[in-house]
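For the sequence shown, my numbering begins at -2 and goes up steadily by one. Note that CB positions come from ideal geometry on N, CA and C, so glycine has one too. Being a predicted model, the structure only gives us computed values, none of them experimental. The block underneath contains the structure these notes are about, expressed in structure tokens.
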Amino acid sequence: MTTPMPEFPAGFRWGVSTSAYQIEGAAREDGRGPSIWDTFAHSPGRIVDGSTGDVACDHYHRYAEDVALLADLGVSAYRFSIAWPRVQPTGTGAANPSGLDFYDRLVDALLERDVDPVATLFHWDLPQALEDAGGWLARDTAARFAEYADLVAARLGDRVKLWITLNEPFIHMSLGHGMGVHAPGRLLLFDAFPVAHHQLLGHGLAVSALRARSSSPVAIANNYSPVRVLGDTDADRVAGAAYDALHNRLFTDPLLGLGYPRGQGFDPGVVRDGDLDVIAAPIDVLGVNYYNPTGVRAAEEGSPLPFEIVPLDGYPRTAFDWPVAPDGLRELLVGLRDSYGDRLPPIQVTESGCAYDDVPDVTGRVHDPERIAYLDGHLRAVREAIDAGVDVTGYFVWSLLDNWEWAEGFTKRFGLVHVDYPTQRRTPKSSYAWLRDLIRP
Ligand code: PNW
-2 MTTPMPEFPA
8 GFRWGVSTSA
18 YQIEGAARED
28 GRGPSIWDTF
38 AHSPGRIVDG
48 STGDVACDHY
58 HRYAEDVALL
68 ADLGVSAYRF
78 SIAWPRVQPT
88 GTGAANPSGL
98 DFYDRLVDAL
108 LERDVDPVAT
118 LFHWDLPQAL
128 EDAGGWLARD
138 TAARFAEYAD
148 LVAARLGDRV
158 KLWITLNEPF
168 IHMSLGHGMG
178 VHAPGRLLLF
188 DAFPVAHHQL
198 LGHGLAVSAL
208 RARSSSPVAI
218 ANNYSPVRVL
228 GDTDADRVAG
238 AAYDALHNRL
248 FTDPLLGLGY
258 PRGQGFDPGV
268 VRDGDLDVIA
278 APIDVLGVNY
288 YNPTGVRAAE
298 EGSPLPFEIV
308 PLDGYPRTAF
318 DWPVAPDGLR
328 ELLVGLRDSY
338 GDRLPPIQVT
348 ESGCAYDDVP
358 DVTGRVHDPE
368 RIAYLDGHLR
378 AVREAIDAGV
388 DVTGYFVWSL
398 LDNWEWAEGF
408 TKRFGLVHVD
418 YPTQRRTPKS
428 SYAWLRDLIR
438 P
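See below:
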């Protein structure tokens, strides 16, 4: 951190992100129904440490303390997600008022502290009853999602400052339905395409539902990973392009009116007339979640996949073993602008962060210099993209709190704030103080 961080444009949105199942706990309270993540986490062998989100960070009961942490940090926005099964315990029908009451209290607590509520409607916790009816493989789930969006917007539409329909539909498709390592644990490999299409259709229908109830801007949060082609044969380049189409373009080309990338999504049994128009409903902001680039080369002969993913050498690594590559974020942001030009709405980086094995020292303080270096590098990358003319209007750190990291359970700590799970004690790490000083010098 030799040179001072360059300044960000006035009005730049500084935020932190979380998601419902990862922090809330209170899994059976106030009428909440089960989601696919309750089912998955309670199935033996699915989560590395055998844990569940039953209690998680107990945020459902401690949200006031967590809002105070946000306010002291000085962020102008907080991105949280709404648990669909709190609002509709079985995914259909009338709203469960006490489920919505929780988010009503949270939103008001944020506004009282001048923090903009940014609400994600779907961060992977599908009501189990909808999964039993086919989940995202069923076209009907898209219509159910729009009804749910309507119920939420009817209650919160006057106060939420930015809507995010879906979180990372690519990860939900690939890890949840392709490879089976996330809920709902389906192993469909490339037959998971309907999960992409129905999520996108649900997004498009939800955009109209939200606009009918709320004048706030609408976004989607996609996961992106710039592709590094390893090897210099034509087959390697073709493999790189195939992976890029799957990870980076499958969900963005149709959203921005270009239809599905070549070779993907032409199954007329799934993609019906008019669907692409629904999906291309204009959005106000593109949410970009970035963690790392992906190394790709041609697959061995006889492989069922058109590419092979290979670890990237030469980068420091996080506790997740993910490479720390801030240059990938600049490349990604500039690349989105170059690929989509005038079709691209303003971007907000809706997730960026890292896991390290943070432990309190003897005095109880938590020092995480690696996280400070990570955030410093990634913010400089955003600043460089802005200098290169990319319209980036916000940056959200994943995550406010150490929390329940999906299949990794409690073993991966992404927080600016350390959580001692047995006591639920929150301890701001040194990265929290660093970010606070950066936001409010
Ligand atoms: C995102 N991958 O998930 C999610 O939006 C968060 O809920 C999660 O806690 C965070 O990133 C950290 O993992 C991802 O394997 C999960 O490439 C897996 C991958 C990427 C993102």
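Nearest candidate by alpha-carbon position, reference residue i, set the options
i	options	result
residue 374	216, 294, 189 and 351	351
residue 117	134, 419 and 142	142
residue 416	62, 45, 27 and 7	62
residue 264	194, 238 and 286	194
residue 87	3, 145, 99 and 412	145
residue 152	354, 99 and 199	99
residue 196	298, 317, 133 and 209	133
residue 33	49, 64, 26 and 45	49
residue 267	167, 158, 318 and 139	139
residue 356	289, 414 and 274	414
Nearest-angstrom Cα separation, counted from residue j out to residue i
i	j	result
residue 59	residue 120	20 Å
residue 188	residue 328	30 Å
residue 96	residue 80	9 Å
residue 341	residue 253	7 Å
residue 385	residue 177	39 Å
residue 162	residue 233	35 Å
residue 326	residue 281	21 Å
residue 72	residue 432	9 Å
residue 111	residue 271	41 Å
residue 259	residue 182	28 Å
residue 89	residue 104	24 Å
residue 278	residue 205	8 Å
residue 310	residue 224	14 Å
residue 186	residue 401	26 Å
residue 366	residue 269	51 Å
residue 246	residue 179	22 Å
Contact test: residue i Cβ vs ligand 1 heavy atom, cutoff 6 Å
i	result
residue 164	yes
residue 448	Any answer about residue 448 is impossible in this case: the structure gives the chain only from -2 up to 438.
residue 276	no
residue 168	yes
residue 16	yes
Delimiting residues of the alpha helix (DSSP H) encompassing residue i
i	result
residue 81	81 to 84
residue 196	190 to 210
residue 295	Here residue 295 belongs to no alpha helix (DSSP H), and DSSP marks it neither H nor E.
residue 36	33 to 38
Residue i: first and last residue of the uninterrupted beta strand (DSSP E) it sits in
i	result
residue 415	414 to 417
residue 377	Looking at the DSSP string, residue 377 is not in any beta strand (DSSP E); the run it does join, the alpha helix (DSSP H), is 366 to 384.
residue 114	113 to 119
residue 257	No beta strand (DSSP E) contains residue 257, which DSSP labels as neither H nor E.
residue 77	74 to 78
residue 305	305 to 307
Supposed contact pair residue j and residue i - C-beta distance, whole angstroms, cut 8 Å
i	j	result
residue 57	residue 92	Contact doesn't hold; Cβ gap of about 18 Å is too wide.
residue 331	residue 379	Actually they are not in contact, since the Cβ atoms of residue 331 and residue 379 sit about 11 Å apart, beyond 8 Å.
residue 390	residue 9	6 Å
residue 51	residue 125	So it is not a contact: roughly 15 Å between Cβ atoms.
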